[in-house]
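Structure first, commentary second.
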Amino acid sequence: MSPQPARRPRAVPQGGEDAAGRTRPALVTAPPPGDIRGDLRLIAEMVNPGARVLDIGCGDGELLAFLAREKAVDGRGMELSQSGVNACVSHGLPVIQGDADHDLADYPSDAFDYAILSQTLQATRNPRLVIANLVRIGRRAIVSFPNFGHWRIRLSLLFSGRMPVTHLLSHAWYDTPNIHLCTIKDFVALCHELGIVIERSLTLDRAGQPFTLDPGGGLANLLAEQALFLLRKA
Amino acid sequence: MSAQKPRTVPGEVAWPGRRLEVAEPLRLDCGALLGPFTIAYQTYGTLNAERSNAILACHALTGDQFLAEPHPITGKPGWWASLAGPGKVLDTDRYFIICVNVLGGCMGTSGPKEINPATGEPWGLSFPVITIADIVRAQKLVIDHLGIETLFCVIGGSMGGMQVLQWAATYPERVFAAVPIACAARHSAQNIAFHEVGRQAIMADPDWCGGAYLTKGRRPARGLAVARMAAHITYLSERALHRKFGRNLQNRQAVTYGFDADFQVESYLRHQGIAFVDRFDANSYLYITRACDYFDLAAEHGGVLANAFRGTKTRFCCISFTSDWLYPTAENRAIVHALNAAAANVSFVEIETDKGHDAFLLDEPEFFATLRGFLGGCAERRGLAAR
């Protein structure tokens, strides 16, 4: 496996974290003890108890462990970093070393009830193919990503004339693993193009708290820092 | 199990340990019927009342059943002594570990070195050619004999990993967890090529006598040593060899302009070759390398490896090592892909190390941590009490 930055799972939002982008990013608000990161909790709420789940870019298995504990899911993970995989396996979580671009093709269709891709889409080499694979492998797919249409990013580029660096996208342009950034509108358009049904969508603020806005509308694209989608093939 | 004295070549010692005398002939892949025959095996730890804590550890090409105790010939620690023992990863306080000398082997199980009961002579080349599936069939007889319905885990590296895959494919309902390490689902052309070099080295030794050296009181020691030397290189990595030896000279200040072992690496390999001859039978080496060469699990399942694991409930943990060029990560990953395609429960870890293929026999912290975690997780599901 060639660990090129472009294939690394997960954007790393904070400076001082693993520069290789190898851990699940911690957002600004620390989760309460015993709880998990806000956006992960929202993902977990979308998953039915007892489901079969594939978490792609599962990091150290935080979401998988939570889902196993709280929802009794039959969970599997995929993670590129050895440290992440080892952390999962040593906690009894079935995880394979691999990445979304290369290894999703090997899974049969409808192998899982949910295929989850959290904060990783923008770091994949072929996001279109990855999304198509997600809805093929999973009866449902859950995708979250940082919104490049957020007003701070727009203003940053407008006024500074430099590539935006935010708390969610904290890398300089020359060393970022995030090579395929998109806005919420872009994502919705791609789903339409691929004939994918958006069953649910959530827009999240800086702290990962949900607020209600039509994801197809311009306001959500301006105000949401992240978005979370529940998808299925038509 | 029988108290019957194992049959060995006259003048040879009988190895200590447990024996299963099999009266019923075993149908082999080559079509031959083998029997009666003997299976030598060792166990460590205690089988619990539910018979649910048994781990079958499968040894590699030149390994044997003495996994966690000093070797009866060399006196060296068992080949997995760093992994197996009280409180260790393969915790003998918690698990019951079984290790069976493979069919065709030379440590007590019937093989070319042993006496053919039909003729009263050593089998030599009249011993039938065996396969990995035959080796597993023989192991299953031991598991049946011990009254174990489901093995908690089948684990092994290299050729041992092939046996793990064969177990999982042939007897899926009897394997709760499977750990194939540093192996492949089929022998590659390169794997076969290296084995052929070893076999030709043995057969080129005049003392091999067309395989009948035992009846002639000779031993193809030089040929077997060369086979071991060549194979040993494939177990290491270039970096490990360089780190260990570089171009260092052996007990001398300058090269001698001759063919003595000037370099430390030569001296090391010669030592490996000579030490091996003391504990291994040349014909066994031919038979067991052949069993590896014939291994192609997909071929048994219509050419689709995933079909070998269709519907399996076994939990798999595949492990490879970055510097292993004998059974590289790509070969191990092919197994993982097939398991994914069969929607199996599989974990896969590639361990970063420069120690080459041999890493599966060495104390690699990440490797041990992975195994400990996987086995612990499985034991919890299996309801095995933690200690």
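Chains as they are written, first to last, in this note's numbering: chain A, 573 to 806; chain H, 233 to 619. Every residue gets a Cβ at the ideal spot worked out from N, C-alpha and C, and that includes glycine.
Chain H contacts made by the region 659-692 of chain A, where a contact means CB separation under 7 Å: Val661, Ser662, His663, Gly664, Pro666, Val667, Ile668, Gln669, Asp678, Tyr679, Pro680 and Ala683
query: Looking at the structure shown, is A/Gly593 part of a helix, part of a strand, or coil, going by DSSP?
result: Residue placement at A/Gly593 cannot be trusted, given a pLDDT of 37 that sits under 50; what the coordinates show is reported in the next sentence. Note: A/Gly593 maps to coil in three-state DSSP.
- prompt: Can you name the residues of chain H whose CB is closer than 8 Å to the CB of A/Gln654?
  reply: Val581, Glu582, Ile583, Glu584 and Glu598
task: Anything in the region 567-580 of chain H with a Cβ closer than 7 Å to a Cβ of chain A? List those residues in chain order, please.
output: Val568, His569, Asn572, Ala573, Ala575, Asn577, Val578, Ser579 and Phe580
Helix, strand or coil at A/Tyr686 [DSSP, three-state]: A/Tyr686 falls in the strand class under three-state DSSP.
message: Closest to H/Tyr636 by C-alpha separation, out of H/Ala255, H/Gly393, H/Ile362 and H/Trp399, would be which residue?
response: No statement about residue 636 of chain H is possible, as the shown extent of chain H runs from 233 to 619 and does not include it.
field: Near-chain H residues of the region 633-650 of chain A - C-beta to any C-beta below 7 Å
entry: none
task: Use the C-beta contact count for A/Ala672: other C-beta atoms within 10 angstroms, 16 or more gives buried, fewer gives exposed.
output: buried
- prompt: Ordered along the chain, which non-local residues of its own chain (more than five positions away) have a Cβ less than 7 Å from that of A/Gly617?
  reply: Reading the sequence as shown, one finds Glu at residue 617 of chain A and not Gly. Excluding positions up to five away in sequence, the list is empty.
query: How should A/Pro666 be labelled, buried or exposed, when 16 other C-beta atoms within 10 angstroms of its C-beta is the threshold for buried?
result: Label assigned to A/Pro666: buried.
- prompt: Taking Cβ positions only, does A/Val657 come closer than 8 Å to chain H?
  reply: yes
- request: May I have the straight-line CA-CA distance separating H/Ala365 from H/Leu260, to the nearest angstrom?
  value: H/Ala365 and H/Leu260 have their C-alpha atoms spaced approximately 8 Å apart.
- request: Can you tell me which of H/Ala417, H/Leu593 and H/Thr585 puts its alpha carbon nearest to the alpha carbon of H/Arg475?
  value: H/Thr585
task: Consider the Cβ of H/Ala601: report whether some Cβ of chain A lies at a distance smaller than 8 Å.
output: For H/Ala601, the answer is yes, since a Cβ of chain A falls inside 8 Å of its Cβ.
- request: Would you decide whether H/Phe606 is buried or exposed? Buried here means 16 or more other CB atoms lie within 10 Å of its CB.
  value: buried
task: Using beta-carbon positions only, say whether H/Leu288 and H/Gln422 come within less than 8 Å of one another.
output: no
task: Answer yes or no: do H/Val396 and H/Val374 have a C-beta to C-beta separation smaller than 8 Å?
output: no
task: Compare the C-alpha of A/Thr748 against each of A/Gln694, A/Arg609 and A/Ala799 and name the closest.
output: A/Gln694
field: Buried or exposed by the 16-neighbour rule on C-beta atoms within 10 Å, applied to H/Tyr327
entry: buried
- prompt: How about the region 279-293 of chain H and the region 789-802 of chain A: do they share at least three Cβ pairs that are nearer than 8 Å?
  reply: The region 279-293 of chain H is not in contact with the region 789-802 of chain A.
field: Nearest neighbour of A/Leu690, chosen from A/Asp675, A/Pro718, A/Leu676 and A/Ala677 [CA to CA]
entry: Per the sequence shown, residue 690 of chain A should be read as Ser rather than Leu. If we check each option's Cα against that of A/Ser690, A/Pro718 comes out closest.
query: From H/Glu598, H/Val407 and H/Ala573, pick the residue whose C-alpha is nearest to that of H/Arg547; which is it?
result: H/Val407
H/Val509 versus H/Ala457: straight-line alpha-carbon distance, rounded: 6 Å
task: Return the chain-ordered ranges of every beta strand (DSSP E) run that is complete within the region 454-519 of chain H and spans a minimum of 3 residues.
output: none
query: Can you name the start and end residues of the alpha helix (DSSP H) that H/Gln398 belongs to?
result: Met391 to Thr402
message: Taking the straight line between their C-alpha atoms, what separation do you get for A/Ala761 and A/Val769?
response: 11 Å
query: In chain A, which residues lie less than 8 Å from H/Glu612 when you measure between Cβ atoms?
result: Gly664
- request: Whole angstroms is fine: what's the gap from A/Ala683's alpha carbon to H/Val334's?
  value: The alpha-carbon separation between A/Ala683 and H/Val334 amounts to approximately 37 Å.
task: Check A/Cys630 in the structure and name its three-state DSSP category.
output: coil
Which of helix, strand or coil DSSP assigns to H/Leu322: Per DSSP, reduced to three states, the secondary structure at H/Leu322 is strand.
Reference H/Ser469; option with closest CA among H/Ala576, H/Ala562 and H/Trp557: H/Trp557
task: May I ask you to check if the CB of H/Ala436 is nearer than 7 Å to at least one heavy atom of the ligand PLP?
output: The ligand PLP is absent from the structure shown, which contains no ligands of any kind.
query: Looking at the unbroken beta strand (DSSP E) that takes in A/Val715, where does it start and where does it end?
result: Gly710 to Pro718
task: Using a Cβ cut-off of 9 Å, pull out every chain A residue sitting near H/Arg418, in sequence order please.
output: Simply none; closest approach about 18 Å.
query: Looking at the structure shown, is H/Phe298 part of a helix, part of a strand, or coil, going by DSSP?
result: Correct three-state label for H/Phe298: coil.
query: Considering only C-alpha positions, which residue in the set H/Leu594, H/Lys587 and H/Ala576 is nearest to A/Cys648?
result: As written in the sequence, residue 648 of chain A is Arg, which differs from the Cys given in the question. Out of H/Leu594, H/Lys587 and H/Ala576, H/Ala576 has the C-alpha closest to the C-alpha of A/Arg648.
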